[in-house]
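Data block below; observations after.
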Amino acid sequence: MLSLRGITHRFGGVLALDDASFVVRPGTVHALLGENGAGKTTLMRVVFGLLAPQAGDMQWRGAPVHFSSPANALASGIGMVHQHFTLVPAMTVAENVALGGHGAYHPAAAEARVREVSTRAGLPLDPHARVDTLPVGAQQRCEIVKALARDVQLLILDEPTAVLAPSEAAELLAWVRQHANAGNAVVLITHKLRDALAVADDITVLHRGRTVLTTRAAHTTQDALAAAMLGEQPDVSGQSAEQVAAGITETASHVVPLHSGTTVPEGASSTVLALDAVRWRDARGVERVHHATLQVRAGEIVGIAAVEGAGQHELLRLLAGRLEATAGRVVRPARVGFVPEDRHRDALLLDAPLFENTALRNAGARRGRMPWRALRESTAQLLTRFDVRAPGASAVARTLSGGNQQKFVLGRELADQPEALIVENPSRGLDFKATAAVQQSLRDARDAGTAVVVYSSDLDEVMLLADRVYVMHAGQAHEVRGDRDAVGRAMLGGASAHNVGGGV
């Protein structure tokens, strides 16, 4: 169906793709794996007409082809959903889905199309809603529906489950499988080895721009894929697909069982962050946080688990001081770090050098002057400490891979030694190696006495990191003392009295 041979592409002096090859069969799901910066998205941008390779050939349905633009690719039946959203915030869902279509815009027809496609895909959306009022998960669903509305035969999904709640991700992956079974093809760019093994027919691994492995999913293991992503030989003691499905998470070079209970770490001490009967209403008067009570101690990680739209994003911003409570009491220290889930929109000046991005947290300006030399030096130290792969402190933020951007943002927040740290979807869009590094940084911060609050749409990540877990449901926060199943039931509103406690 799709064949790429010898694809080479450079960004200046950086070789992003090095003689890469990739073949997609009709009616299959093909997972594309690799570390951040391995060339996965770049290769798919070549397919989608966003980049012209310096060498190599592409065939679509048996004929040589080169797409000069995404419009050409879409017209030929290839669609792509990008990891970072391309929606127009001030427009409605229906208007965004209709953008780029043929003919005049007819609101009723556009709204009907959104309902049809979103219902079929199991991705509910309100066609009348403005995109800038939607949480990130709903914006992601809008991007997917926009692509599906073009009736493409090959759909490229770049980290589609990165911001989805577990139940939403499961529904999406089920739809991906169903879509392929109907004769279509899907390319799934993902860092989640479990997703790849669960849904893919074929898997290709890129390493430093080269294709290092292509295999049937049924013939490989999680460890073999991880080794290929790192350019290493597979470990013969690798996990099978059955082990992955059973709930084992790969972290760095060892396997860590999911957290199965609620504990308070030995180093946890005094309360640093607290909400007491807090309420918050949005501009339309809708109460998003309802009578929330929780406490976070120094030296512990508190996890927040929730399905999308349960009030978790607002709760985190209340803790971080980004929102003011409508009612109730919020206790927070003077130094609070905050890592939002949308680093492009809320955490970085993408076209500015890294040392200027560091200045966003700088409190050392005197008499209106910034200590630029000191900022360059501290930024260079930050890059080394948190293993941010960048040429130096003057590198432009946009040029870093997603994983390195995230490590930079987290490092910048931790460099000030905050008393509390609020982190939203810490591993969004990161490969497993970068994920392991970010997660270890959070543990290190906890062990140094920081009170850490982590929300992740990946429940496994919450259970892996958290010493205690609060579930947000319908705007309320409850501590859940139990295993993953107990937390999952509470997220859906099915918690029972024996496994749920109020604020500590």
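Taking UniProt numbering, I'd label the letters of the sequence shown as residues 1 to 504. Even glycine gets a Cβ: it sits at the ideal position worked out from N, Cα and C.
Host alpha helix (DSSP H) of residue 358 (start-end): 354-358
Reduced DSSP category for residue 271 - H, G, I as helix; E, B as strand; rest coil: strand
Pick from 65, 25, 109, 477 that is closest to residue 295, judged by C-alpha positions: 477
Residue 209 versus residue 443: straight-line alpha-carbon distance, rounded: 32 Å
Every unbroken beta strand (DSSP E) within the segment 289-358, with a cutoff of 3 residues, ordered by chain: 301-305, 327-331, 336-339
Span of the alpha helix (DSSP H), counted from its first residue to its last, around residue 435: 432-447
Status (buried if at least 16 other CB within 10 Å, exposed otherwise) for residue 105: exposed
Helix, strand or coil at residue 390 according to DSSP, with G and I counted as helix: coil
Secondary structure of residue 487, DSSP reduced to three states: helix
Coarse secondary structure for residue 8, derived from DSSP in three states: strand
Close beta carbons around residue 416, own chain, < 8 Å, minus the five adjacent residues each side: 335, 337, 361, 363
Continuous beta strand (DSSP E) assignments of at least 3 residues falling wholly in the segment 139-195: 154-158, 185-189
Residue 408: first and last residue of the uninterrupted alpha helix (DSSP H) it sits in: 402-415
Residue 73 and residue 48 closer than 8 Å at C-beta: yes
For residue 3: DSSP bridge partner residues: 23, 59
The segment 396-415 / the segment 317-330 touching (three or more Cβ pairs under 8 Å): no
Contact between the segment 94-113 and the segment 308-324 (3+ Cβ pairs under 8 Å): no
Cβ-based neighbour list, residue 39, same chain, cut-off 6 Å, excluding 5 preceding and 5 following: 16, 17, 206, 209
Sequence-distant residues of its chain with Cβ nearer than 7 Å to residue 51 (five each side left out): 9, 42, 45
Coil, strand or helix - residue 282 by DSSP: coil
In DSSP terms, what residue 476 is bridged to: 473
Close Cβ partners of residue 419 (< 6 Å) along its chain, the five nearest in sequence each way excluded: 272, 333, 335
Any 3 or more C-beta pairs closer than 8 Å across the segment 396-409 and the segment 285-293: no
Nearest neighbour of residue 230, chosen from 434, 491, 350, 23 [CA to CA]: 434
Rounded straight-line distance, which links the Cα of residue 427 to that of residue 160: 13 Å
C-alpha distance - residue 191 paired with residue 26, whole-angstrom precision: 23 Å
Whole-angstrom distance between residue 150 and residue 91, CA atom to CA atom: 19 Å
For residue 357, the nearest candidate out of 394, 331, 381 (CA to CA): 394
Closest by C-alpha distance to residue 506, when choosing among 127, 197, 212: No statement about residue 506 is possible, as the shown extent of the chain runs from 1 to 504 and does not include it.
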